[in-house]
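Worksheet: the structure to be examined is printed underneath.
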Ligand SMILES: [Zn+2]
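Residue numbers (the numbering used here): 1 to 111.
Right, dumping it as structure tokens:
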């Protein structure tokens, strides 16, 4: 985790570097998503179990803007992959599909 006080901007306090946009942002919840693990919860480390006495903050790797962007890109990529798959499948099975549809319509109009 890259957290430090940037020498040129000491008045901003601790800042965290985002590998997405390659910029420093102040380390607070306006700029970063954070997962808080409450005190009193059970943790595991190195095969040992312990009780947390202080809450633990887990800051996300990407800043808020990059996290949103990454989720959106992931979603769009997946949607495109699914579409491409069906497009390919349809191109291969077009004749089957149309034959089945013809049968279906014939059965329906016969009934
Ligand atoms: Zn970022």
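Each residue gets a CB set at the ideal place from its N, CA and C atoms; glycine is no exception.
Quick one: does the C-beta of residue i sit closer than 7 Å to a heavy atom of ligand 1?
i: residue 70; result: no
i: residue 12; result: no
i: residue 62; result: yes
i: residue 96; result: no
i: residue 29; result: no
Put residue i into one of helix, strand or coil per three-state DSSP.
i: residue 73; result: helix
i: residue 59; result: strand
i: residue 22; result: coil
i: residue 65; result: helix
Report the partner residues of residue i according to the DSSP bridge assignment.
i: residue 44; result: 49
i: residue 3; result: 16
i: residue 54; result: Note: residue 54 sits in no beta bridge, so no partner.
i: residue 34; result: 59
If distances are taken between C-alpha atoms only, which option among the options comes closest to residue i?
i: residue 59; options: 14, 8, 107 and 74; result: 14
i: residue 56; options: 93, 38 and 5; result: 38
i: residue 67; options: 108, 106 and 32; result: 32
Answer yes or no: the CB of residue i versus the heavy atoms of ligand 3, is any distance below 7 Å?
i: residue 65; result: By its list of ligands, the structure shown excludes ligand 3, since it contains just ligand 1.
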